Each structure stands twice: as structure tokens, then as C-alpha cells.
Amino acid sequence: MQTKRTTFTNRGLPYALVLPQLAITAIFFLWPAGQAFYQSFLRQDAFGFRTTFVWLDNYERLFADPSYLNSLWVTAIFAISTTVVSIGLALALAAAVDRMIRSARAYTTLLVWPYAVAPVVAGILWWFMFNPTIGILPYILDQFGYDWNHSLSRLDAMVLIVLAASWKQISYNFLFFLAGLQSIPHSLTEAAAIDGAGPVKRFFTIILPLLSPTTFFLMVVNVVYAMFDTFGIVHGTTEGGPAQSTNILVYKVYNDGFIGLNLGSSAAQSVVLMSIVVTLTVIQFRYIERRVEY
Amino acid sequence: MAGIEIKNVRKTYAGGVEAIKGIDLTIPDGKLVVLVGPSGCGKSTLLRMIAGLETITDGTIEIGDKVVNKLEPAERDIAMVFQNYALYPHMSVRGNLAYGLKNRGTPKVEIAERIEEAARILEITPFLDRKPRQLSGGQRQRVAMGRAIVRQPKAFLFDEPLSNLDAKLRGHMRVEIRRLQRTFKTTAVYVTHDQLEAMTLADKLVVMNAGRIEQMGKPLDVYANPQSLFVAAFMGSPGMNLIAVGELQALGVGLPDAIPASTGTLGLRPEDVTLEAPAEPHIVIDASLDAVELVGSESLVYARAQGIEKDIVVRTPGIHPGEPGDALTLHVAHSALHCFEQTTGRKVEIQRAA
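Those sequence lines, one after another, are chains Y and R.
Position in the first sequence (first residue = 1) + 11 = our numbering.
Position in the second sequence (first residue = 1) + 25 = our numbering.
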């Protein structure tokens with residue numbers, strides 16, 4: 012492997028240069044993570060007078076708790092739905108833009124905008140649109156005889172956060188798919204056209220398989236996004252309700268820790284989350300290189 | 026099996042660029058026609074119009090007596106070999122060969138038979154289960170050929186298929202393509218910018234320039250009898266020496282009277298310029314040696330004559346011993362002179378003495 016080496020005359024200088032970044036990582040990531048890890052073995056009484064070391068008791072309680080298992084289940088449904096919706100729509104949009112010749116740039120710019128919107132703002136936007144009293148969408152749905160109410164219906168609430176979360180992520184997926192599509196040589200689709208494959212068949216037998224490395228990468232990224240980056244969306248819309256039906260893991264960490272003040276359990280939950288994200292990252296690094304076809 | 030008939034075909038791109046400016050061309054059944062020309066001359070565009078990958082602005086293209094202007098590429102029953110091979114990277118070689126047949130609903134048994142047959146002919150049987158990325162350039166080229174052969178199409182279209190190969194392999198594959206085309210007797214259109222490839226492959230050679238056909242005919246006829254300055258300069262390596270008549274006259278070269286008055290440029294093939302005087306009537310040019318390129322079996326001598334802008338290239342057998350600065354006397358037989366008109370650049374025939 013060819014590497015560029017810069018020679019420093021002062022041995023200390025390179026270390027001094029990376030020090031700020033290391034300090035930030037240590038103070039904002041490693042230290043809190045360590046704190047959480049330590050705290051997940053502790054139990055504190057309601058008033059914070061006494062703290063006892065309880066070993067794995069927090070974890071044992073966690074996995075025996077039906078509301079935590081429910082939250083795991085809800086998170087799984089939410090993450091999978093969000094990934095499927097955002098990847099599916101992004102792929103359709105990217106395929107459409109890839110066919111454009113002159114207006115592709117303008118569309119790309121417009122489609123990237125939602126990514127710049129903060130999660131809470133996105134949540135509130137959708138909350139307004141879906142507000143049962145003043146929202147435009149429940150009004151339209153009402154015309155079709157559907158009574159939308161995400162503060163009462165578990166399904167409606169889930170649909171709402173999936174839509175809000177997907178909408179934000181479509182931009183990101185779209186960019187990757189568009190780049191992927193543009194890197195597929197035109198001669199391949201032309202060869203397939205001569206080989207007697209129509210546009211739909213070409214898409215499913217040539218283009219989609221060639222996009223599989225991109226798709227795999229996006230799947231992992233989207234699952235991570237849906238599991239960890241959607242706190243703002245949930246907080247801005249359903250706040251975990253109704254009846255715990257949208258209480259995803261990150262939101263439950265916050266709820267149990269900062270509202271319920273059960274710091275030990277909250278810390279244990281965040282350690283579980285941490286191990287999930289580590290696993291996903293390992294999967295990504297391990298397999299993504301191998302799936303590349305050419 | 027079918028001929029291709031191109032009638033007054035034009036291509037104008039959105040934005041008004043005219044890539045093809047009216048082409049009439051007959052590609053006889055079973056023959057290999059080579060379209061040759063510099064880049065941007067429209068040869069690839071013409072091929073892609075035959076394939077159905079570009080729309081036809083005006084005129085008609087018939088494949089086997091059927092106008093195909095409005096047909097999809099798949100319906101034209103042609104097979105194309107691309108410059109970058111365009112193999113499907115996610116499919117095995119077998120999958121690549123089978124794809125076109127599967128899409129057409131060919132029975133499985135027949136697909137297997139045809140693949141076996143094609144693989145045997147192209148000697149790619151050992152690689153059938155590999156992916157394209159595991160193959161060398163030459164092997165990929167064979168697979169691309171195989172994909173065309175298994176289809177048993179009405180016509181093969183080749184878009185510079187050898188330009189990504191190294192020189193040795195290119196020569197080898199050139200012979201191979203010729204052999205295959207003769208075996209199957211399938212009509213073929215072959216696009217290249219390499220005049221050597223064009224000369225050796227073609228049954229019929231079509232020289233294109235700026236969206237028009239400059240000249241067509243049998244390769245050797247085109248070489249021996251270029252009808253324009255463009256063809257004279259393009260065909261042959263090194264190309265024909267083109268010298269302004271005025272420059273020769275200023276040098277005091279005695280030109281034969283038979284040369285028409287309208288001639289502006291004389292063309293001399295490097296192999297027609299000799300260092301020894303031939304028996305027949307000839308012209309004599311005094312020059313000095315500028316440089317010698319030793320090719321091995323022959324030498325290319327670059328001779329500089331006073332008042333003539335470009336070096337005159339002389340192709341001479343064996344190894345030329347001269348040093349730069351040596352005096353040379355160049356001889357060209359009258360019969361080997363090509364005369365091109367001053368105004369149009371078209372060839373004018375030398376008036377033979379009655």
C-alpha cells in the first residue's frame with residue numbers, strides 16, 4: 012500500500028495536532044460512555060441519598076420488563092419500516108432523476124433540502140400536517156372516511172413517526188443511489204436492451220444487482236439512523252405514546268432516566284443500545300467490501 | 026442472415042449539431058463492412074443508429090428488407106460488441122451468455138447447447154463459471170464475442186472492440202474476429218479508428234469524415250486509389266506524403282506534363298519513393314536525411330527537401346545506414362503520383378499519353 016508520509020521535525024508536534032480531537036472524543040464520547048457503563052451497575056434511591064452497587068441486576072430487570080421488550084419490538088418495527096420506506100422511495104426518485112438530462116441538477120438540489128432540516132423541526136412539521144384538529148392530512152383522510160388520530164391509534168402514531176423519519180432520510184439515500192446509478196456504465200443497459208430486456212427487466216436484473224453494495228450500505232446506515240437519530244422526531248410528535256406504542260429505545264432511555272429518574276436502568280438501556288450500534292458497525296465494515304461486485 | 030440498407034440517413038442532435046449528414050450505404054449479406062475515420066466523424070453514431078441506441082433524424086435503415094427506424098434494439102435482431110465489453114459484472118460468464126437467450130424465451134436445453142458451442146469455438150469453456158472481473162482483457166473480449174454469437178443474430182455490430190487490448194492481443198483478436206465472421210457468414214459492421222484494423226478486416230471499407238462518407242470500396246482499392254486528400258492522409262501508416270505542387274516547382278523538380286493544371290497537391294506513398302532510380306519515367310527530388318526510424322524489417326527515412334514544409338517519408342527495405350545530414354536523391358515513378366485538385370482536394374486523374 013502506498014502511503015503519504017509527512018515528516019515532522021518535532022516529535023511532539025503530531026501528537027499536539029491530534030490532541031484537540033482526542034480531547035473532544037474523550038470528554039464527550041468516552042467519558043460519558045464509561046459513566047453510563049459504570050452507572051448501569053448501580054442503583055440509586057428516589058431521592059439520591061444512597062447508591063448501591065447491584066452488579067447485573069439492572070440488566071436482569073430490563074429483560075424481564077414487558078415494557079422494555081415492547082420497546083425493543085416497537086424499535087424493530089420502526090427501524091425496518093423506516094428503512095424500507097426511505098430506501099424504496101429514494102431509489103424510485105434516484106432512478107427518475109437519473110433519466111433526466113437537463114433538469115437533474117435542480118431536482119437533486121430540491122431533494123436534498125429535507126436533510127438539512129433538524130429532526131425536531133421535521134417532527135413538528137409532520138405533527139402539524141397530521142394534527143387531528145388543525146392538520147391538512149387528517150382533513151383529507153376524513154373525506155375518504157378515515158378517522159386519523161395518532162394520539163389514540165397505535166397504528167396512526169407509528170405511521171406518523173415512520174413517515175417523518177423516512178422523509179428526512181430520503182435525501183441522504185437519494186444522493187447515494189443517484190451516485191450509484193451514475194457510476195453504472197451506460198453500455199451495460201444498452202447491451203441489456205439489445206439482449207432483449209425491457210426497461211423494467213433491465214432495472215431488476217442489471218441495475219438493482221449492481222446497486223446492491225450501495226443498498227446494503229444504506230440499509231445499515233438507515234437502521235442506525237432510525238434507532239438512534241430519531242429522538243427529536245418522536246419527541247416532537249408522539250412522545251412515545253399512545254400506550255407506549257412509539258416508545259422506541261432511545262426515547263425510552265430519555266424517558267426512564269430524565270423523566271422517571273431511574274438512572275441505573277436508563278444507563279443499562281444505553282449500554283444495550285451501544286452494543287447494538289457496535290454490532291451494526293462491525294457488520295458494515297466486515298461485509299460491505301465483500302459485497303462489491305466489480 | 027440479412028443485408029443492411031442505409032438510405033440518406035441523417036442525425037441531428039438537440040442543439041443543432043449535425044453528426045451524420047446524409048449517408049447512403051449498402052452492407053451486403055454476409056459481408057464485413059468496416060467504418061473507419063478519425064474520432065468525431067460519426068462512425069459510432071451511425072453504428073448506434075443501426076443498433077437502435079440512437080434515434081434516426083431522417084432517412085431509413087433496413088435490416089433484411091425491413092425498415093427498422095421505429096423498432097427497439099431488441100426487435101432488430103442484432104448483437105453488439107462494445108468497446109468496454111459491457112459484460113454484466115454480477116453474472117458469471119455463463120449468465121452473460123444466457124441473458125439474451127433467456128429474455129427471448131429460448132428453451133433451457135437449447136441455451137445450454139448454444140453456450141457450449143460458443144464456448145468451444147471461443148475457447149472460453151474453462152471460464153464459464155467465473156465472473157467477468159476474474160478474466161483478463163482478452164478473455165473478456167472473447168466473452169463479449171460469445172454473447173454476440175450465441176444469439177445467432179442477423180448482424181454483428183462491433184464498436185471499436187479491440188481498442189482496449191494491447192497491441193499483440195489486438196493483432197490476434199483481429200484474425201480471430203475475421204475467422205469467426207467468415208465461419209458464421211453473418212453480416213457485420215465494424216467501427217474502428219485504426220486504419221490497419223480496417224484494412225485487414227474489411228470486405229468493404231468505408232472511410233468517413235465529418236458525418237459523410239469520403240470513400241468506400243475494397244480496402245486495397247481505397248489504399249491504392251484514394252479519392253481525396255483526406256483519405257490519402259488517413260489510410261496507411263505512415264500516411265501518404267502530401268506536397269504542394271508550388272513547393273516542388275520552386276525546388277526545380279521536373280514534373281511530368283501529364284499532371285493536370287488544376288492539381289494543387291501531389292501525393293506520394295512512402296513505399297513509392299525510392300532511393301535508387303527506377304527504370305520507368307520518374308521525378309527526382311534532392312533532399313537531405315533528417316532522421317531514420319529503424320522498424321526492423323524496414324526503415325522509415327525522413328528526408329528534408331528545401332522549401333518543403335514537411336519531411337518526406339521514405340519506406341525502404343532493410344536497415345538504412347545513413348546519418349542525419351547525408352544527401353539523398355528521391356525518385357518517384359510518374360505512375361505512382363497521386364494528383365489532388367487545388368480547390369476541392371478531390372483526386373484528378375493523370376492524363377495518360379495517347
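Glycine included, C-beta positions come from ideal geometry on N, C-alpha and C.
Everything numeric in this text was worked out from a predicted model, so none of it was measured.
Taking the beta carbon of F107 of chain R as reference, the chain Y residues within 7 Å of it are S198 and A202, listed in sequence order. Spatial neighbours of P349 of chain R in its own chain (CB-CB distance under 7 Å, excluding positions within 5 residues in sequence) are listed in chain order as L314, D315 and A316. In the DSSP assignment, T94 of chain Y is bridged to no other residue.
At a cut-off of 9 Å, the C-beta of K212 of chain Y has a neighbouring C-beta in chain R.
Here DSSP, grouped into helix, strand and coil, assigns S262 of chain R to coil. According to DSSP, residue pairing for Y215 of chain R in a beta bridge involves R:V59 and R:F183.
At a cut-off of 4 residues, the continuous stretches assigned as alpha helix (DSSP H) that sit fully inside the segment 42 to 76 of chain Y are 42 to 50 and 68 to 75. For F185 of chain Y, the closest of Y:F58, Y:V132 and Y:S97 by C-alpha to C-alpha distance is Y:S97. With contacts defined by Cβ atoms closer than 9 Å, F187 of chain Y and L229 of chain Y form a contacting pair. Contact with chain Y is found for H115 of chain R, since one of that chain's Cβ atoms lies less than 9 Å from the residue's Cβ. Rounded to whole angstroms, T225 of chain Y and L78 of chain R show a C-alpha spacing of 28 Å. Proximity of the segment 54 to 64 of chain R to the segment 231 to 240 of chain R meets the contact definition, three or more beta-carbon pairs being nearer than 8 Å.
Residues V270, C364, F365, E366, Q367 and V373 of the same chain have their beta carbon placed closer than 8 Å to that of T288 of chain R, with the five preceding and five following residues left out of the count.
The beta carbons of I88 of chain R and A27 of chain R sit about 6 Å from each other, so the pair counts as a contact at 8 Å. Remark: C-beta atoms of T208 of chain R and K179 of chain R do not approach each other more closely than 9 Å. Contact note: L104 of chain Y does not reach chain R at a C-beta cutoff of 8 Å; the least C-beta distance is about 23 Å. Per DSSP, V93 of chain R lies in no alpha helix (DSSP H) and is assigned neither H nor E. According to the DSSP assignment, R204 of chain R belongs to the alpha helix (DSSP H) that extends over A192 to F209. With distances taken between CA atoms, N94 of chain R lies nearest to R:T82 out of R:G264, R:T82 and R:G67.
By the Cβ criterion, the segment 102 to 116 of chain R is in contact with the segment 212 to 222 of chain Y, since at least three pairs of Cβ atoms, one from each stretch, lie closer than 8 Å.
Residues I29, E30, I31, K32, V34, M74, I75, V92, V93 and N94 of the same chain have their beta carbon placed closer than 8 Å to that of I86 of chain R, with the five preceding and five following residues left out of the count.
Contact annotation, Y262 of chain Y with G247 of chain Y: C-beta distance approximately 11 Å; criterion of less than 8 Å not satisfied.
Taking 9 Å as the CB threshold, A190 of chain Y stays off the interface with chain R. One thing to note: V200 of chain R has its Cβ no nearer than 9 Å to the Cβ of I149 of chain R. In the structure shown, R119 of chain R falls within a helical segment according to DSSP collapsed to helix, strand and coil. Straight across, the Cα-Cα distance linking L274 of chain Y with Q55 of chain Y is about 7 Å.
At least 9 Å separates the CB of P43 of chain Y from every CB of chain R. Contacts between D109 of chain Y and chain R, judged by CB atoms closer than 7 Å, are missing: the closest CB pair is about 17 Å apart.
As for any alpha helix (DSSP H) of minimum length 4 sitting wholly inside the segment 129 to 158 of chain R, the runs are 133 to 147, ordered along the chain. Boundaries of the beta strand (DSSP E) around S313 of chain R: H307 to L319. Using a CB distance cut-off of 9 Å, R204 of chain R does not count as an interface residue toward chain Y.
Contact annotation for D267 of chain Y against chain R: no contact, minimum CB-CB distance about 47 Å [criterion: below 9 Å]. In summary, E222 of chain R is buried, with 16 or more beta-carbon neighbours lying within 10 Å of its beta-carbon over all protein chains present. Taking T51 of chain R as the centre and dropping the five residues before and after it, the same chain places the C-beta of G28, I29, E30 and I31 closer than 8 Å to its C-beta, in chain order.
For T225 of chain Y, the closest Cβ of chain R is not nearer than 9 Å. With respect to T249 of chain Y, A168 of chain Y sits close: the two C-beta atoms are nearer than 9 Å.
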